[in-house]
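Residue numbers (the numbering used here): 151 to 670.
Here you go:
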């Protein structure tokens, strides 16, 4: 192995082909991309998630080689004796006789902390670069977000719209409104199902990776064949973006909260499924936004097929929610992960690992997650997350499940969404109220309840939907805590209006459900 002047490390979520690092080629600089057991085992990941990351890393290494860069691509076969990046980097720094070690800012606190503590001999310097991916510069996070203080995403979102002049008419929002969310809450009717677009999927061979996972006894969850359906390189990611703009965008907003079990396209619907490509940086957020805006502005038909509500709803997720969640994460770590405002302490129900439950909504959302490593935001928030909140699952346990099972789950984006938005564990730092509901909301937005063994209209019988009594039990348990939360006042008042007898019956029924949680 020849000597180099500079070793540059590229992590599995730093696959940004347009990074300034790659504008110049140098025989003295070598790039390292490494599969390492540390990253495959810090939680028990979905097998497709590991497969997708490892194959995307391979594709990126090959692309750099083909562009004329010096690359060391290491698989588990070469890194099996290294417990972490610290050991790996120390070993290769000596072998390569480098004088500079350079890396990009990690998006996860645990890795940032590890690299901060990385020490070399005096003859090796260490330097960190930005990833050049996010729209809000890291050094501006503290200016935009106050530590341990609530700030609505809407305020942040409007600032970002103005800063990047997106959907703006001068200093005002295009078409006079910042938010068209009220137009984006439609349920899929039976007659809508034949129009669902066929999802663009890929057939990426991960058979070699699966053999390595088995060889090194890496424990995983979920299922996977030899072919992976997710994009693993920039070309495929751009194809998926084009497919979204052409086939999904026109109805994205209308049905972004909808759920169905009556179609083989139920897992994809009109969603972009670009989160893995974005979070690994194969795509840049502005690239995605510009593609959507180009499609919107290029319309010639009147009325246009794609209206402003569809475009605004999607863009809000990218420049609003995604950037906001990252800022919340970095402003409040490392203490954020310890939050448990509601003192939840129950274990995660066993159904989350195998999807065996009579609750149709839960079996559908979990089985889909096990099969594809994906579920859309309402399945995560209002089905699996909602149930965990009503049951009182310890936040760290549901956090680790979300982090493990979803292909797009990296801690910076998953943790605040789980602890803050889903579980209200941060006490309102992100959400203004807990996102809980009875079975009524799920029935409103899906056809799950019509195909369920439980009755969504009942609360106390054996056939009653478990969400119903668990919901009122949650309200009762936390009524003092939410007494002064105006967004919870209506539900608190409805609870107070119930007779003492009905309240006692509901709480007794909920207690029975909780005692029998693994048999529902």
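Note that the Cβ used here is the ideal one computed from N, Cα and C, for glycine as well.
Does the Cβ-Cβ distance between residue 586 and residue 659 come in under 9 angstroms? no
Whose CA, out of 439, 178, 156, 372, lies closest to the CA of residue 519? 372
Write down every uninterrupted run of the alpha helix (DSSP H) in the segment 334 to 400 whose length is 4 residues or greater and which is fully enclosed by it, in chain order. 357 to 365, 384 to 393
Can you tell me where the beta strand (DSSP E) with residue 158 in it begins and where it stops? 156 to 160
Using beta-carbon positions only, say whether residue 656 and residue 622 come within less than 9 angstroms of one another. yes
In this structure, what does DSSP give as the bridge partners for residue 596? 409
In chain order, what residues of the same chain lie with their CB nearer than 6 angstroms to the CB of residue 511, ignoring the 5 residues before and after it? 533, 592, 598
N- and C-terminal bounds of the beta strand (DSSP E) containing residue 222: 220 to 224
With distances taken Cα to Cα, identify the nearest neighbour of residue 253 among 243, 265, 449, 407. 265
So, using beta-carbon positions, are residue 431 and residue 275 closer together than 9 angstroms? no
Please check the pair residue 502 and residue 551, which I expect to be a contact at CB under 8 angstroms, by giving their CB distance rounded to whole angstroms. 6 angstroms
Run of the alpha helix (DSSP H) containing residue 207, from where it starts to where it stops: 197 to 216
Reduced DSSP secondary structure (H/G/I, E/B, other) of residue 174: coil
May I have a chain-ordered list of the alpha helix (DSSP H) segments no shorter than 4 residues that lie completely inside the segment 266 to 334? 291 to 294, 303 to 314
Residue 442: first and last residue of the uninterrupted alpha helix (DSSP H) it sits in: 435 to 447
I need the boundaries of the beta strand (DSSP E) containing residue 180, first residue and last residue. 179 to 184
Bridge partners - residue 253, DSSP secondary structure assignment: 159, 278
Please determine, among 286, 261, 255, 248, the residue with the shortest C-alpha to C-alpha distance to residue 272. 248
Can you give me the C-alpha to C-alpha distance between residue 516 and residue 537, rounded to a whole angstrom? 12 angstroms
Below 8 angstroms on the Cβ atoms is my contact criterion, and I expect residue 620 with residue 541 to pass it. Report the Cβ-Cβ distance as a whole number of Å. 7 angstroms
Segments of 4+ residues assigned as alpha helix (DSSP H) that fall wholly inside the segment 612 to 640: 616 to 627
Are the segment 563 to 570 and the segment 475 to 485 touching, with three or more C-beta to C-beta distances below 8 angstroms? yes
Roughly how many angstroms lie between the CA atoms of residue 665 and residue 394, to the nearest whole one? 44 angstroms
My understanding is that residue 198 touches residue 374, with C-beta atoms under 8 angstroms, so please give their C-beta distance in whole angstroms. 5 angstroms
Helix, strand or coil, according to DSSP, for residue 193 in the structure here? coil
Does the structure place the segment 223 to 235 close enough to the segment 184 to 194 that three or more beta carbon pairs sit under 8 angstroms? yes
Mapping DSSP to helix, strand and coil, what is residue 533? helix
Have a look at the DSSP bridge pairing and note the partners of residue 461. In the DSSP output, where bridge partners are listed per residue, residue 461 has none listed.
Outcome for residue 163 when other beta-carbon atoms lying within 10 angstroms are tallied against a minimum of 16: buried
Quick one: any contact between the segment 570 to 587 and the segment 436 to 452, if contact means 3 or more CB pairs under 8 angstroms? no
Should the segment 216 to 230 be regarded as contacting the segment 374 to 390, the criterion being three or more beta carbon pairs within less than 8 angstroms? no
Which value, in whole angstroms, describes the spacing of the CA atoms of residue 321 and residue 192? 46 angstroms
Can you tell me where the alpha helix (DSSP H) with residue 545 in it begins and where it stops? 545 to 555
Less than 9 angstroms between the C-beta atoms of residue 205 and residue 180, yes or no? no
To the nearest angstrom, how far is the alpha carbon of residue 303 from that of residue 311? 12 angstroms
Residue 496, DSSP secondary structure in three states: strand
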